[in-house]
Every structure is written in structure tokens, then in C-alpha cells.
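A.B. asks: Below: one structure in C-alpha cells.
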Amino acid sequence: MVIRIPFAWSRPAAYPGCVYGDGRMQDSPGFSAVPGPSVAPAPAPGHPPAAAGIPRATCLVVGAGIVGTLSALRLLQQGHAVCLVDSDFEALCCSTGNAGSVSAGSVVPLGMPGLWKQVPRWLIDPDGPLSIRPEYAGRIAPWLLRFLQASTPDRVARIAPALHALNAPSIALYRELADALGASTLFQATGQLQVYTSEQARQKDAGGWRLRQAHGVAMQPVERADIQALEPAVGAQYTHGMFLPDEGMVTDPRGLLQRLRQAVVQAGGELLQARVQGLQPQADQGMRVETTHGPRTVQHVVVAAGAWSHRLAAQLGDRVPLQPQRGYHVVFEDSGVALKRPVVAAEAKCFATPMDMGLRVAGTVEFGRLDAPPSPRRTQALLKHSQALFPGLRVGDAATRSTWMGCRPCLPDSLPVIGPSKAGARVIYAFGHGHLGLTQAPMTARVVADLVAGRSPAIDIQPYRAARFGAGA
Ligand SMILES: Cc1cc2nc3c(=O)[nH]c(=O)nc-3n(C[C@H](O)[C@H](O)[C@H](O)COP(=O)(O)OP(=O)(O)OC[C@H]3O[C@@H](n4cnc5c(N)ncnc54)[C@H](O)[C@@H]3O)c2cc1C
108 MVIRIPFAWS
118 RPAAYPGCVY
128 GDGRMQDSPG
138 FSAVPGPSVA
148 PAPAPGHPPA
158 AAGIPRATCL
168 VVGAGIVGTL
178 SALRLLQQGH
188 AVCLVDSDFE
198 ALCCSTGNAG
208 SVSAGSVVPL
218 GMPGLWKQVP
228 RWLIDPDGPL
238 SIRPEYAGRI
248 APWLLRFLQA
258 STPDRVARIA
268 PALHALNAPS
278 IALYRELADA
288 LGASTLFQAT
298 GQLQVYTSEQ
308 ARQKDAGGWR
318 LRQAHGVAMQ
328 PVERADIQAL
338 EPAVGAQYTH
348 GMFLPDEGMV
358 TDPRGLLQRL
368 RQAVVQAGGE
378 LLQARVQGLQ
388 PQADQGMRVE
398 TTHGPRTVQH
408 VVVAAGAWSH
418 RLAAQLGDRV
428 PLQPQRGYHV
438 VFEDSGVALK
448 RPVVAAEAKC
458 FATPMDMGLR
468 VAGTVEFGRL
478 DAPPSPRRTQ
488 ALLKHSQALF
498 PGLRVGDAAT
508 RSTWMGCRPC
518 LPDSLPVIGP
528 SKAGARVIYA
538 FGHGHLGLTQ
548 APMTARVVAD
558 LVAGRSPAID
568 IQPYRAARFG
578 AGA
């Protein structure tokens, strides 16, 4: 199956302050656009002063996915000079293709006690939620061992509150953000419906449901009649489920990212299309950043480069076991399925979300190289699950259906890395959000802004430190 890019996206119109690494450039407030050494800039005309008590700093954010873009925006709101760098602003990064679910109650790590018992069955089933590309099996083995070590009851008991701290504020923060962008329809507080084909299947996830309950997540068991009333399009074989009233969804993740990048420019930030190749601490506490568009010297670097972040962290001596978990989606533009909220086929681990461009069904975990081509088999599995979930689905053809693959940045304990690097607060990490990056990005951005300002973040960031993996990562 061919991966089709469904939209045309006009950069110049969208980003009046963008500097492209191929030499084209437009006005770029706050930073020198000329390749070569740069110094801390004077405030650009019209640029807001630093927030009260916070010294104005020059910041370079690597990665314009949802985590980097929201971090850039927060830093700008504090009055800092910000350059947001991405190797390709038009690429369909993970933040554009996700399932759009703002999963405020997802305190359950991927590695739960006893999960390993299901893994062999998943791997044998060609339509199962997990697959490992044969050439990658040896490479992923040490990571899987760490994953198992993080799946014990005592580790899970420590991981869940750390997930909760990042997830719980997400609904309020997205509501606030959508209003501020003047795009209130981009975010909707809809709740979420998870469905199973039997009580036995629901019981398999009982540990996760108990964990949610212990963290005060609102939920309500539902049976067939409730499912029918909530979402009539769901097939009759889905007889059991759980309704989570306090979850939300983004109706167009790519549209949201586009609006946020525009907001970065409007707030005086610079967008620079270039690949960041090197990070070098300077004697004066600054950072020299080598890019394909020349070097920059800044006071703070934020590494938010998704599944590529570990390469930059390694340059500073932080060894982080980041692995890509390749996920897929199918968008049915003319699905004939009317949903009010995200529906999760819990056994297949697929999300179906009603989005502006159509019905998006997303999921599956595939371990493989970052640059390996998409596997058509994974897309076919998603198609099959979509038809099982919605018997009335119009699957359409290549003209009305688009497919996508992206790499989730994943750490073995399901927690991101957020916090200072070995080089101190001049390099701040914000990556590894795995399956929950859309949900966790707003709170992560707040923490990043606090660290740049030298303030204590509102949440305890110890669980997210890079050093938790030790020297052997
Ligand atoms: C199928 C699927 C469904 C998902 N569903 C959900 C969901 O419903 N809810 C949820 O909360 N999360 C979901 N996620 C997870 C979420 O999408 C990710 O966690 C999140 O998008 C990660 O964002 P990011 O900004 O860290 O990385 P990315 O979006 O990958 O962005 C990183 C950016 O960094 C750039 N970059 C990398 N290296 C460099 C460099 N050296 N120089 C310059 N630029 C660089 C890349 O070009 C890229 O644009 C899903 C993921 C997948 C795959």
C-alpha cells in the first residue's frame, strides 16, 4: 500500500517568520538569520519583555512536534527569544498522525505485571497489536529486558503517579490553549469509550482499571445496551466496556500543530528549517548549536526531537534507551460512521477518532528502524480491526482513504525524559513521551519554561530524569 500525503501545506503562507535551511529566508525576529556564529540578540521591536523577575534568555528548541512547539510558545510567553528548529516542517511527524486522544486518565504504563504472557500470542497473530521486524529482533532485545524490569508491581506503583502528574492537567490546558488560539473546535472534551468483546477480556485489563480508580480517574463500566446508546456504530460483538467521561480529543492534530507554529511566529519566535547536528557546551555557560544552516550560540537548548532525541543527548554524555515504536493510521474520509468521541477497541489496541478530515483509526506497535519503510501488513491489520469495530464502515478506496506511519519516541518505563542534561539547565530534555505525547505536551512545556526560568516546576520531575537509566543504557 502506498503512503499518501493527504494535504498540501503552504509553508510561506503559514509561517511568515520562517527561515529555510536551503537559503530561502524571510524576516526572522529575534535571531540572526545569516549562517555563522550568532550572539544573544537584543529584544526585537515589538517583542514582549521577559516576565517579571525572569531574565530574558536566548533559547533554541530542537524539534517542532507538539512537545517542542508548545515549549517554544511557553518560552515566548515568558519573554524569551526563541528559535524553533526542525529538519522538515512539512514532514508528517508523530504529532500530526496520532489518534488525537487527550487521555487525561491514562496512568497505566505499557508494561503492566503479567503483560508478557500475552506477548507470544500477539507476535504470532499477523493482525496482533505488536510486531517486531525480523532484522530488528536482536537490536530490541536489551530494551525489552528493561521494559520487563519496569513492569513489576512496585515499579508500576511508582510510574503511575508520574504519568498522572503529566496527564491530569491536560484537559484544562488544552481548553485554555484552544481558546487562546481562537480555535475552540480543535479541542473537544468528549469522554472516551473503551470496548471489549467479553467480560473475560475486560477482566484481563482489571489491573489497569484499578490503577486508574486509585488515581481518581472517573470511569463507568458499560454493557451492550450502554455501548449501543453511546455509540450506535459499534458492532454487536462488543458487549462490555468502560466509559471515561473526563477525556478529550483534538479534532485535527496537524491543524493544531500548524496553528501553534503560527502562534510561535506571531509571538516573535523564529522558525528555522535545519537539522541540528551538534551541541557543544561553551566556557561562558552558553551552548553552541551546529545546524545544517550554520552554527548558533544560545543560552538554553531544549531537545524535543522525538524519536531522534537520544542522538543529541548522547553528545552530552546522557545515554538514554530511546526506541521508536512505529504506529500506523488509516483515515476514512467518507466512512459513513458517526462517532461522538474516541472509541478504543481495547483488545486490538486501536483508537477510532472522529476527526475533521474523516474517521481516523490508529494504533499498532511495530519495532523497527526509524527509517525502515512502512509495513503494508500493519495497515491491513488496522483495516481489518476497523471493519470489525464498525460493521457499517465504508472502507472506500485509495481516493478516499489515506494511510500513515510515524515513530513514537518510547522509553522502557513509559515515562518521558524531562529535565536538565549533564550539561545542566542550559540543555533541557523534553522527549520520550511514547504513546501519550499529545496528552502530556502542555504540562511538559510548563516544566520546560520553569526550568529555563530557574523556578521549581509545579510537579516533581525526579521520575523523568535522564540519569534514571544509569550508565549502561
Ligand atoms: C499511531 C499513533 C497514535 C498516537 N495516538 C496518541 C493519542 O491519541 N494521544 C496521545 O497523547 N499521544 C498519541 N500518540 C503519541 C504522540 O503522537 C507522540 O508521543 C508525540 O507526537 C511525540 O511528539 P514529539 O514532539 O516528542 O515528537 P515528534 O512529533 O516526532 O516531533 C519531533 C520533531 O523533531 C524533528 N527532529 C528530529 N531530529 C531533529 C534534528 N536533529 N534537528 C532538527 N529537527 C529534528 C523531527 O523532524 C520532528 O518534526 C500516538 C502516536 C502514534 C504513532
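Under my numbering, the first residue of the sequence shown carries the number 108, and numbering increases by one thereafter.
The beta carbon of each residue, even a glycine, is placed where N, CA and C say it ideally should be.
When you compare only the Cα positions, how much space is there between K529 and A573?
C.D. replies: 9 Å
A.B. asks: By DSSP, does I568 sit in helix, in strand, or in coil?
C.D. replies: Looking at I568 - three-state DSSP - the assignment turns out to be coil, as it is neither helix nor strand.
A.B. asks: For D520, which of G526, M219, T346, I568 has the nearest alpha-carbon?
C.D. replies: M219
A.B. asks: Taking only the alpha-carbon atoms, compute the straight-line gap between E338 and D441 and give it to the nearest angstrom.
C.D. replies: 18 Å
A.B. asks: Buried or exposed for S291, going by 16 or more other Cβ atoms inside 10 Å?
C.D. replies: exposed
A.B. asks: In chain order, which beta strand (DSSP E) runs of at least 3 residues are fully inside the region 356-392?
C.D. replies: 377-380, 383-388
A.B. asks: Taking the beta carbon of G128 as the centre, do at least 16 other beta carbons fall within 10 Å, making it buried, or is it exposed?
C.D. replies: Only weak support exists for where G128 lies, its pLDDT of 42 falling under 50; the coordinates are left without a value.
A.B. asks: If we define contact as Cβ-Cβ less than 8 Å, is S416 a contact residue for chain C?
C.D. replies: Absent from the structure is chain C; it holds one protein chain and no more.
A.B. asks: Measuring straight from C-alpha to C-alpha, what distance separates D567 and Q494?
C.D. replies: 43 Å
A.B. asks: Exposed or buried, G348, counting other C-beta atoms within 10 Å across all chains shown (16 or more means buried)?
C.D. replies: buried
A.B. asks: For L477, which residues in the same chain have their Cβ closer than 8 Å to its Cβ, ignoring the five residues on either side in sequence?
C.D. replies: Cβ within range, chain order: A414, W415, P431, C514.
A.B. asks: Excluding the five sequence neighbours on either side, which residues of its own chain have a C-beta within less than 6 Å of the C-beta of P449, listed in chain order?
C.D. replies: Counting only Cβ-Cβ distances below 6 Å, and skipping sequence neighbours, we find S208, Q299, M356, F458, T460.
A.B. asks: I need the DSSP call for E283, collapsed to helix, strand or coil.
C.D. replies: Assigned with DSSP and collapsed to three states, E283 falls in helix.
A.B. asks: Pull up the CB-CB distance for P236 and G342, whole angstroms please, since I reckon it's below 8 Å.
C.D. replies: Rounded, the Cβ-Cβ distance is 18 Å, inconsistent with contact.
A.B. asks: Take the Cβ of A445 as the centre, count every other Cβ of all protein chains shown within 10 Å, and call the residue buried at 16 or more, exposed below.
C.D. replies: The residue in question, A445, is exposed, as its Cβ has fewer than 16 Cβ neighbours within 10 Å.
A.B. asks: Quick check: the region 553-570 against the region 177-186, are there 3 or more CB pairs under 8 Å?
C.D. replies: yes
A.B. asks: Look up T398 in the DSSP assignment and say whether it is helix, strand or coil.
C.D. replies: strand
A.B. asks: Which residue marks the beginning of the alpha helix (DSSP H) containing P249, and which one marks its end?
C.D. replies: Note, P249: alpha helix (DSSP H), 244-256.
A.B. asks: Determine the contact status of T507 and N274, defining contact as a CB-CB distance below 8 Å.
C.D. replies: Their beta carbons are not under 8 Å apart, which means T507 does not touch N274 by this criterion.
A.B. asks: Go ahead and label R111 buried or exposed: buried means 16 or more other beta carbons lie within 10 angstroms of its beta carbon, across all protein chains shown.
C.D. replies: Note that R111 scores 27 on pLDDT, short of 50, meaning its location in the model is unreliable and no value can be drawn from it.
A.B. asks: Please report how far the alpha carbon of W229 lies from the alpha carbon of R433, in whole angstroms.
C.D. replies: W229 and R433 have their alpha carbons spaced roughly 16 Å apart.
A.B. asks: Run through the DSSP bridge pairs and tell me what Y435 is partnered with.
C.D. replies: G470, M512
A.B. asks: At a cut-off of 7 Å, is V451 close to ligand 1 when judged by its beta-carbon and the heavy atoms of the ligand?
C.D. replies: False, no ligand heavy atom lies under 7 Å from that Cβ.
A.B. asks: Based on Cα-Cα distance, which residue from T259, T551, I278, H417 lies nearest to A565?
C.D. replies: For the residues T259, T551, I278, H417, the minimum Cα distance to A565 belongs to T551.
A.B. asks: Between Y536, L496, E454, K456, which has its C-alpha nearest A412's C-alpha?
C.D. replies: Closest by alpha carbon: Y536.
A.B. asks: Alpha carbon to alpha carbon, what distance is there between G175 and L293?
C.D. replies: 19 Å
A.B. asks: Note down, in chain order, each residue of its chain lying with its Cβ closer than 7 Å to the Cβ of G315, except the 5 sequence neighbours on either side.
C.D. replies: In the same chain as G315, and ignoring 5 residues on each side of it, the C-beta atoms closer than 7 Å to its own belong to V215, M219, in chain order.
A.B. asks: Are the region 239-248 and the region 472-492 in contact at 8 Å, needing three or more beta carbon pairs?
C.D. replies: yes
A.B. asks: By a C-beta neighbour count over all protein chains shown, 10 Å radius and 16 as the cutoff for buried, is P123 buried or exposed?
C.D. replies: Note that P123 scores 43 on pLDDT, short of 50, meaning its location in the model is unreliable; the coordinates nonetheless yield the value given after this. So P123 ends up on the exposed side.
A.B. asks: Please find out if some non-hydrogen atom of ligand 1 comes closer than 7 Å to the beta-carbon of A420.
C.D. replies: no
A.B. asks: With distance defined between alpha-carbon atoms, name the residue in I173, I231, Q387 nearest to L363.
C.D. replies: I173
A.B. asks: Does D425 pass the burial test, meaning 16 or more other C-beta atoms within 10 Å, or should it be called exposed?
C.D. replies: Its Cβ being crowded by 16 or more others within 10 Å, D425 is buried.
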